[in-house]
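So the structure is just underneath, and the comments pick up after that.
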Amino acid sequence: MANTNTEHLKRVLKPVHLWAIAVGLVISGEYFGWNLGWAVSGTIGFLIATLVITLMYITFIFSYTELTTSIPHAGGAFAYAYRAMGPFGGLVAGYATLIDFLFATPAIAFALGAYLHFLYPAIPVLYSALFFNVLFICINILGVKESATFSVFITILAVVELLLFMGIVSPHFKMNNFLSHPMPFGWTGIFAALPYAVWFYLAIEGVAMVAEEVKDPKRNIPKGYISGLATLVFLALGVMIFTGGITDWRKLSNLDYPLPAAISVALGKASSLTKIFASIGLFGLIASFHGTILASSRQVFAMARSGYLPRFLSNVSHKFKTPHWSIIAGGVVSFAALFTGTTNQIIVLSVMGAVWMYMMSMISLFILRKKEPDLNRPFISPFYPVFPAIALIISAITLFAMMYYNFMLSLIFFAGLALVIVIFVLMGKHKVKLIEEHMISPVVI
Numbered sequence: 003m004a005n006t007n008t009e010h011l012k013r014v015l016k017p018v019h020l021w022a023i024a025v026g027l028v029i030s031g032e033y034f035g036w037n038l039g040w041a042v043s044g045t046i047g048f049l050i051a052t053l054v055i056t057l058m059y060i061t062f063i064f065s066y067t068e069l070t071t072s073i074p075h076a077g078g079a080f081a082y083a084y085r086a087m088g089p090f091g092g093l094v095a096g097y098a099t100l101i102d103f104l105f106a107t108p109a110i111a112f113a114l115g116a117y118l119h120f121l122y123p124a125i126p127v128l129y130s131a132l133f134f135n136v137l138f139i140c141i142n143i144l145g146v147k148e149s150a151t152f153s154v155f156i157t158i159l160a161v162v163e164l165l166l167f168m169g170i171v172s173p174h175f176k177m178n179n180f181l182s183h184p185m186p187f188g189w190t191g192i193f194a195a196l197p198y199a200v201w202f203y204l205a206i207e208g209v210a211m212v213a214e215e216v217k218d219p220k221r222n223i224p225k226g227y228i229s230g231l232a233t234l235v236f237l238a239l240g241v242m243i244f245t246g247g248i249t250d251w252r253k254l255s256n257l258d259y260p261l262p263a264a265i266s267v268a269l270g271k272a273s274s275l276t277k278i279f280a281s282i283g284l285f286g287l288i289a290s291f292h293g294t295i296l297a298s299s300r301q302v303f304a305m306a307r308s309g310y311l312p313r314f315l316s317n318v319s320h321k322f323k324t325p326h327w328s329i330i331a332g333g334v335v336s337f338a339a340l341f342t343g344t345t346n347q348i349i350v351l352s353v354m355g356a357v358w359m360y361m362m363s364m365i366s367l368f369i370l371r372k373k374e375p376d377l378n379r380p381f382i383s384p385f386y387p388v389f390p391a392i393a394l395i396i397s398a399i400t401l402f403a404m405m406y407y408n409f410m411l412s413l414i415f416f417a418g419l420a421l422v423i424v425i426f427v428l429m430g431k432h433k434v435k436l437i438e439e440h441m442i443s444p445v446v447i
C-alpha cells in the first residue's frame with residue numbers, strides 16, 4: 003500500500019529544539035503527579051521506586067535512540083515494531099503510544115486548571131483546562147518550527163523556575179520531615195509507586211515523533227535525548243527530595259499543585275513569592291502540555307498515513323505544513339478524558355500505555371539486531387544486550403504492578419486493545435503490506 007500523500011513534514015529542528023521538546027514534554031512531571039506516589043509508598047519507598055525507574059529510563063533512552071536514528075519515522079515505536087514484527091506488532095505498539103500521549107495531555111490540562119484555581123479560586127478547574135486545550139491546538143497547527151521555538155522559550159523558563167524552587171525551599175528543608183513515615187506500606191508500596199515514578203520521565207520518547215522534522219537526525223537526535231534526560235534526572239531528584247523535607251509530606255501527597263503548596267508552607271501563603279511562583283509554575287505545565295499535543299498528533303498522523311487510522315487524519319496543511327486534522331483529533335480525545343476521568347486515573351492509563359510501548363520497543367530492538375544486522379545504525383546502544391534487557395525487565399515489572407493495583411483501569415486498557423485488534427482483522431488490514439520509507443527492509447537511510 004503506497005503512500006500517496008504528496009505533502010511532507012519540514013526538516014527544521016536542531017539539537018536545541020530537541021532538548022526543549024524532550025525536557026518540555028516531561029517537565030510537568032516534576033510539577034505534579036509524582037507526589038501521588040508518596041501516598042502509596044512514603045518518601046523513602048518512593049525514592050527507591052524513582053531510582054529504579056531512573057535506571058529504566060537511562061537504559062531505555064540509550065537503547066531507543068538506536069531505533070530512532072536508524073528508523074527516523076514519525077510513528078516512533080509503531081514503525082519500529084512494524085518493521086520488526088509486522089502488522090500486528092505495529093498495531094499493538096501504535097495503540098500503546100497513542101494511549102501514552104493522548105492521555106498525558108488531559109492529565110496535564112487538569113494540573114493547569116488546578117494551578118490557576120490555586121491562584122484564583124473563582125476560576126473552575128475544568129473550564130480552564132478546556133481553554134488551554136483549544137489554545138494549544140491552535141498554536142500547534144501554526145507550524146512546527148514556530149511550535150519548537152515556543153518550546154525552547156517556555157522550557158527554559160520552566161527549568162529556571164524549578165531551580166528557583168529548589169533555591170527557595172532548601173533553607174527550610176528538614177531531614178526529620180523527609181524521614182517521617184518513610185515506608186508506611188513496606189516493600190509492596192514501592193511496586194505501587196512505580197507508575198508515579200514513571201511520571202517523572204514519561205513522554206521523553208516523544209522526540210521520536212518529530213524524527214521526520216529533524217535536520218541531520220543521525221547526529222542531532224542522540225544529542226537531544228541524552229542532554230534532555232540528564233536535565234530531567236537532576237530536576238526530578240532535586241524537586242522530590244526538597245519538597246519532601248518542607249513539611250509533613252502527607253499534606254502534599256494528594257494535591258495537583260504540590261510545589262506552590264510547599265512554598266506556601268515555607269514562606270506563607272500570603273507571601274508575594276508564593277503567588278509569583280504559582281504563576282510562573284504554569285510555564286512548566288504549558289511546556290509539557292504543548293509538547294504532548296505535538297507528539298501525539300505526529301503519532302496519529304503516522305498511523306493514519308499508514309492506513310491504521312482514518313486517512314483524512316494524515317492530511318497536511320498546505321499553508322502551515324502541519325498535520326492539522328491529527329492535532330484536532332487529539333484535542334477531541336483530551337476533551338472526552340477531561341469530562342470522564344480524574345487526574346490519578348488518567349495518569350495511570352497514560353503510564354500503562356508508555357510502559358507497554360517501552361516493552362514493544364525493546365523487543366523490536368532485539369529482533370532487528372537479528373533480522374537486519376546490516377541496518378545502518380548511526381547510534382549503537384551501549385552495553386547491548388544488557389541495557390535493553392534492563393529496560394525491558396523493569397518495564398514489565400512496572401506493568402504488572404499497575405495491573406495488580408489498578409485492575410479496572412487495566413481491564414479498560416486491554417479491552418481497548420482487544421477491540422482495536424478485532425476491527426483491524428475485520429477490515430483486513432493485517433493482510434496489507436505497507437510500502438513506506440523506513441517501514442520495510444531493505445531501506446536506504
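Numbered by the working numbering, the letters in the sequence shown go through residues 3 to 447 in order. For glycine and all other residues, C-beta sits at the position ideal for the given N, C-alpha and C. Just so you know, these numbers come straight off a predicted model, no measurement behind them.
Check	Outcome
Sequence-distant residues of its chain with Cβ nearer than 6 Å to Phe48 (five each side left out)	Gly39, Trp40 and Ala195
Beta carbon of Val200 nearer than 9 Å to that of Val94	no
Beta-carbon contacts of Pro260 that lie in its chain and below 7 Å, excluding the five residues immediately before and after	Phe34, Asn37, Thr245 and Leu254
Assigned exposure category for Arg85 - 16 Cβ within 10 Å defines buried	buried
Separation of Pro262 from Leu428, as counted between CA atoms	51 Å
Euclidean distance between Cα positions of Tyr407 and Asn346	13 Å
Range covered by the alpha helix (DSSP H) that runs through Glu68	Trp40 to Ser72
With 16 other Cβ atoms within 10 Å as the buried cut-off, status of Met410	exposed
Nearest-angstrom Cα separation, counted from Leu104 out to Ile348	10 Å
Opposing strand residues paired with Leu15 [DSSP bridges]	Val216
Unbroken alpha helix (DSSP H) run spanning Arg307, endpoints	Ser274 to Arg307
Test item: CB-CB of Lys225 and Pro384 under 9 Å	no
Sub-9 Å separation of Ser72 and Pro380 beta-carbons	yes
Cβ shell of Ala98 (< 6 Å), same chain only, five flanking positions each side left out	Gly355, Trp358 and Met359
Cβ-Cβ separation, Leu296 to Glu68 (assumed contact under 8 Å), whole Å	No, Glu68 and Leu296 are not in contact; Cβ-Cβ is about 23 Å, not under 8 Å.
Whole-number beta carbon distance between Thr276 and Ile265, since they are thought to touch under 8 Å	5 Å
Within 9 Å, strictly: CB atoms of Phe341 and Trp327	no
Of the residues Gly77, Phe285, Pro74 and Val127, the one placed nearest Ile29, counting alpha carbons only	Phe285
Thr233 and Val25 closer than 9 Å at C-beta	yes
Beta-carbon proximity check, Ile329 vs Ile139, cutoff 9 Å	yes
Endpoints, alpha helix (DSSP H) assigned at Arg85	Ala79 to Met87
Meets three-Cβ-pair contact criterion under 8 Å: the segment 384–400 and the segment 53–64	yes
Own chain partners of Ala306 with C-beta closer than 7 Å, once the 5 adjacent residues on each side are dropped	Pro312, Arg313, Leu315, Ser316 and Ser328
Given Leu239 as reference, the closest of Ile46, Leu27, Met361 and Val353 once Cα atoms are compared	Ile46
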